[in-house]
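Counting with UniProt numbering, you get residues 1 to 241 for the letters of the sequence shown. Glycine included, every Cβ here is placed at the ideal spot set by N, Cα and C. This one's a predicted model, so the numbers in the text were calculated from it and none came from an experiment. For reference, the structure is listed below as structure tokens.
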Amino acid sequence: MTEADIDIPTADGAMNTRVVTPAGAGPHPVVLFYMDAFGVREELHEMARRLAAEGYLVLLPNLYYRETRRFVMKPGEEGMNELRAMMGRLDIGAVNRDTQALLNALETLPAADARRVGAVGYCMSGPFVFAAATEHPDRITAIASIHGANMVTERADSPHRMAERLRCETYVACAEVDKWASAADMAVLEGRLRASGAPFRLEWYPGAQHGFVFPSRSGAYERASAERHWQRLFDLFGRRL
Numbered sequence: 001m002t003e004a005d006i007d008i009p010t011a012d013g014a015m016n017t018r019v020v021t022p023a024g025a026g027p028h029p030v031v032l033f034y035m036d037a038f039g040v041r042e043e044l045h046e047m048a049r050r051l052a053a054e055g056y057l058v059l060l061p062n063l064y065y066r067e068t069r070r071f072v073m074k075p076g077e078e079g080m081n082e083l084r085a086m087m088g089r090l091d092i093g094a095v096n097r098d099t100q101a102l103l104n105a106l107e108t109l110p111a112a113d114a115r116r117v118g119a120v121g122y123c124m125s126g127p128f129v130f131a132a133a134t135e136h137p138d139r140i141t142a143i144a145s146i147h148g149a150n151m152v153t154e155r156a157d158s159p160h161r162m163a164e165r166l167r168c169e170t171y172v173a174c175a176e177v178d179k180w181a182s183a184a185d186m187a188v189l190e191g192r193l194r195a196s197g198a199p200f201r202l203e204w205y206p207g208a209q210h211g212f213v214f215p216s217r218s219g220a221y222e223r224a225s226a227e228r229h230w231q232r233l234f235d236l237f238g239r240r241l
């Protein structure tokens, strides 16, 4: 396995991106890894390595590149306020431009099989993978939203409104305790996914809290649920990529 940090040109600047390439002869199927709100960090690098160990070339972009090359959370309320502001400025339209840049970059990576692409998004990036799949139905063949936030909103680009246009297989992991993804909202999303006619699975994780996949998330990490999510990802990408 090898790792490299590259700058991918986008319509808005240079998006610094970690590329993790599995061992063995390529080209390898690709997973686009969309970060959670706390940004790219060693914990996400380790998750990218786990995907790469299964044979996937992983692109992990810093979606905050328009503002910083490396987001470091400040302590206390000041840090939370800054985080909320950055999240608020990162909209689906901007990330769609980033997704196009990631797909373009695959053509320059000899180890990448640009014909086999999946995507996974955590927390704030749940909506982003829905957008990626609806914008690029001919390129992205599987997506997963893991405790995705704000999946049902009043916005025109709400994920539940995109869901009926999905053509790829979709996996949605829902934490039972999640103020950003209520049972009522997830029922709406599930109905729209069913209406799409595309294969999907929306699965509840009993007792799990928002952020349950991250070992560093004190009070939220739940090993059994985290491991189940990994198995679901490997099964999904194994079928579709």
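What residue ranges within the region 116-160 form continuous beta strand (DSSP E) runs of no fewer than 3 residues, ordered along the chain?
140-146
Would you call the region 207-225 and the region 85-95 touching, i.e. three or more CB-CB distances under 8 Å?
no
How would you label ARG69, buried or exposed, when you count the other beta carbons within 10 angstroms and need 16 or more for buried?
Along the sequence shown, one-based indexing puts residue 69 at 69. The residue in question, ARG69, is exposed, as its Cβ has fewer than 16 Cβ neighbours within 10 Å.
Rounded to whole angstroms, what's the CA-CA distance from GLU107 to ALA101? Just pull it up for me.
Taking the first residue of the sequence shown as position 1, residue 107 is located at position 107. Taking the first residue of the sequence shown as position 1, residue 101 is located at position 101. So the two alpha carbons sit approximately 10 Å from each other.
Candidates VAL172, PRO27, LEU233, ALA156: closest to ALA149 by CA position
Sequence index remark: in the sequence shown, residue 149 carries index 149 (1-based). Comparing Cα positions, the closest option is VAL172.
Status (buried if at least 16 other CB within 10 Å, exposed otherwise) for GLY121
Position 121 of the sequence shown, counted from the start, is the residue given in the question as residue 121. By the 10 Å Cβ count, GLY121 comes out buried.
Proximity of THR141 and LEU241 at Cβ, strictly below 8 Å
The residue given as residue 141 occupies position 141 in the sequence shown. The residue given as residue 241 occupies position 241 in the sequence shown. Yes.
Taking 8 Å as the cut-off, decide whether the C-beta atoms of residue 251 and GLY39 are in contact.
This structure leaves residue 251 out entirely; the chain is present only between 1 and 241.
Of the residues VAL31, LYS74, MET73, the one placed nearest ALA53, counting alpha carbons only
Residue 53 sits at position 53 when you count from the first residue of the sequence shown. Minimum Cα distance to ALA53 is reached at VAL31.
As a quick exercise: from ARG194, THR21, MET47, ASP36, pick the residue whose alpha carbon is nearest that of GLU227.
Numbered from 1 along the sequence shown, position 227 holds the residue referred to as residue 227. If we check each option's Cα against that of GLU227, MET47 comes out closest.
Supposed close pair GLU3, VAL19 - CB separation, criterion 8 Å:
Mapped onto the sequence shown, residue 3 falls at position 3. Mapped onto the sequence shown, residue 19 falls at position 19. Their Cβ separation, rounded to whole angstroms, is 7 Å, which keeps GLU3 and VAL19 in contact under 8 Å.
To which residues of the same chain is ALA11 closer than 6 Å at the C-beta, ignoring the five residues directly before and after it?
Position 11 of the sequence shown, counted from the first residue, corresponds to residue 11. Excluding residues within five positions, the ones whose Cβ falls inside 6 Å are ARG97.
Does the Cβ-Cβ distance between ASP113 and PRO206 come in under 8 Å?
In the sequence shown, residue 113 corresponds to position 113, counting from 1. In the sequence shown, residue 206 corresponds to position 206, counting from 1. No; because the gap between Cβ atoms is not below 8 Å, this pair is not in contact.
Going straight from the alpha carbon of ALA181 to that of LEU189, what length do you get?
The count along the sequence shown starts at 1 and reaches residue 181 at position 181. The count along the sequence shown starts at 1 and reaches residue 189 at position 189. About 10 Å.
Quick check on ALA14: does DSSP put it in helix, strand or coil?
Residue mapping note: residue 14 aligns to position 14 of the sequence shown, counting from 1. It is a strand residue.
Supposed close pair CYS168, ILE143 - CB separation, criterion 8 Å
Sequence index remark: in the sequence shown, residue 168 carries index 168 (1-based). Sequence index remark: in the sequence shown, residue 143 carries index 143 (1-based). Contact holds; Cβ gap of about 6 Å.
Under DSSP, the beta strand (DSSP E) around LEU63 begins and ends at which residues?
Locating residue 63 in the sequence shown gives position 63, counting from the first residue. Secondary structure note for LEU63: it is in no beta strand (DSSP E), with a DSSP letter that is neither H nor E.
Against chain B, does GLU135 count as a neighbour if the rule is that its beta carbon must be under 8 Å from one of theirs?
Chain labels in this structure do not include chain B; a single protein chain is all it has.
Applying the criterion that 16 or more other CB atoms from any shown protein chain within 10 Å of the CB defines a buried residue, is ALA131 buried or exposed?
Here residue 131 is taken as the residue at index 131 of the sequence shown, counted from 1. Buried.
Tell me, which residues are paired with TRP204 by DSSP?
Taking the first residue of the sequence shown as position 1, residue 204 is located at position 204. TRP204 is bridged to CYS174.
Would you mind working out which of TYR65, GLY118, ALA163, GLU222 sits nearest ARG192, comparing C-alpha positions?
Taking the sequence shown and counting its residues from 1, one reaches residue 192 at position 192. The shortest C-alpha to C-alpha distance from ARG192 to any of TYR65, GLY118, ALA163, GLU222 is the one to ALA163.
Classification of VAL58 by the beta-carbon crowding that lies within 10 angstroms, buried from 16 upward
Counting from one through the sequence shown, the residue named residue 58 turns up at place 58. Under this definition VAL58 is a buried residue.
Rounded C-beta distance between ALA119 and TYR64? I'm assuming under 8 Å.
As a working note, residue 119 is residue 119 in the sequence shown. As a working note, residue 64 is residue 64 in the sequence shown. That belief does not hold up - the Cβ atoms of ALA119 and TYR64 are roughly 18 Å apart, past 8 Å.
Can you tell me which of ALA208, ALA184, ALA195, ARG115 puts its alpha carbon nearest to the alpha carbon of PRO29?
The sequence position of residue 29 within the sequence shown is 29, counting from 1. Of the candidates ALA208, ALA184, ALA195, ARG115, the one whose C-alpha sits nearest the C-alpha of PRO29 is ARG115.
Taking DSSP as the reference, what is the three-state secondary structure of THR99?
For the purposes of this step, residue 99 is taken as residue 99 along the sequence shown, with counting starting at 1. Helix at THR99.
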